[in-house]
Amino acid sequence: MNQLKSDDYPAIYRDYVDSVTGPVMDELIEQLTSFPAFIRAIPEDMGTYAYAEGKWTIKEILCHILDAERIMAYRALRFARNDMTALASFEQDEFVANARHNERSFDNIIEEFLVLRRSNIYLFETFNDTELNRRGMASDRLITVHALVYFVAGHLNHHRTILRSRYLKDEDDQQKLHVV
Numbered sequence: 001m002n003q004l005k006s007d008d009y010p011a012i013y014r015d016y017v018d019s020v021t022g023p024v025m026d027e028l029i030e031q032l033t034s035f036p037a038f039i040r041a042i043p044e045d046m047g048t049y050a051y052a053e054g055k056w057t058i059k060e061i062l063c064h065i066l067d068a069e070r071i072m073a074y075r076a077l078r079f080a081r082n083d084m085t086a087l088a089s090f091e092q093d094e095f096v097a098n099a100r101h102n103e104r105s106f107d108n109i110i111e112e113f114l115v116l117r118r119s120n121i122y123l124f125e126t127f128n129d130t131e132l133n134r135r136g137m138a139s140d141r142l143i144t145v146h147a148l149v150y151f152v153a154g155h156l157n158h159h160r161t162i163l164r165s166r167y168l169k170d171e172d173d174q175q176k177l178h179v180v
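Following the UniProt record's numbering, the numbering of the sequence shown begins with 1 at its first residue and continues without gaps.
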């Protein structure tokens with residue numbers, strides 16, 4: 001897959017796209033190992049920790065990553081198949097509020113991530129250049145299939161950075177936890 005052009009995605013996704021430093025498929029595959037290792041390094045009892053009132057817990061963030069990946073892959077499939085129906089946005093706060101993420105174990109979340117990511121890699125690998133360059137409207141924004149693939153990898157990177165900086169911010173704790 002080639003690099004993105006700036007008109008492949010709305011500017012609001014720039015940070016996600018820029019966080020992908022190499023070939024996007026390589027990053028998606030690498031995350032199959034690094035992200036579960038990152039989660040396993042966090043003690044289970046920290047799963048329901050939020051750094052401030054009204055902020056999501058660690059488990060809510062992890063499950064939000066899963067929800068967003070599932071939605072972006074669905075959008076990519078629709079647009080790759082040349083379905084030009086505009087797709088609505090999703091209300092991420094309502095998704096979190098109406099799920100029971102804090103009842104799940106880290107192992108359960110990791111297992112879902114692995115199954116979901118492997119499935120999406122298989123899907124994304126089937127897209128040819130024509131399909132990757134197809135565009136569609138999602139959340140009132142024009143975006144290519146290729147950019148949606150980048151979004152999946154970059155969105156995970158974004159939230160891993162937030163977890164490190166706001167939830168696991170003590171460097172001594174990170175070293176003790178072996179958080180990578």
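In this text, a Cβ means the ideal position worked out from N, Cα and C, and glycines have one as well.
Distance CB(SER105)-CB(GLU44) smaller than 8 Å: Position 105 of the sequence shown holds residue 105. Position 44 of the sequence shown holds residue 44. Taking 8 Å as the Cβ cut-off, SER105 and GLU44 qualify as a contacting pair.
Top-ranked residue by Cα proximity to HIS155, from GLU27, SER6 and LYS5: Taking the first residue of the sequence shown as 1, we reach residue 155 at position 155. When C-alpha distances from HIS155 are compared across GLU27, SER6 and LYS5, the shortest belongs to GLU27.
Please go through the UniProt domain "DinB-like" (33-161) and give each complete beta strand (DSSP E) segment of 3 or more residues, from N-terminal end onward. Residue ranges of uninterrupted beta strand (DSSP E) with 3 or more members, entirely inside the UniProt domain "DinB-like" (33-161) and ordered along the chain, are 135-138 and 141-144.
With contact counted as at least three CB pairs below 8 Å, one residue from each stretch, are the segment 107-127 and the segment 35-42 in contact? Output reads yes: the segment 35-42 touches the segment 107-127.
Have a look at ARG135, THR57, SER119 and PHE79 and flag the residue whose alpha-carbon is nearest the alpha-carbon of ALA97. Your numbering for residue 97 matches position 97 in the sequence shown. Nearest to ALA97 by alpha-carbon distance, out of ARG135, THR57, SER119 and PHE79, is THR57.
C-alpha gap between LEU123 and LYS55, whole angstroms: Within the sequence shown, residue 123 is the residue found at index 123, counting from 1. Within the sequence shown, residue 55 is the residue found at index 55, counting from 1. For LEU123 and LYS55, the gap between their C-alpha atoms comes out near 33 Å.
Please state whether the Cβ-Cβ distance between ASN82 and ARG134 is less than 8 Å. By 1-based counting over the sequence shown, the position of residue 82 is 82. By 1-based counting over the sequence shown, the position of residue 134 is 134. When the beta-carbon positions are compared, ASN82 and ARG134 come within less than 8 Å of each other.
Applying the 10 Å Cβ sphere with the 16-neighbour rule, what's the burial state of VAL115? Locating residue 115 in the sequence shown gives position 115, where the first residue counts as 1. Classification for VAL115: exposed.
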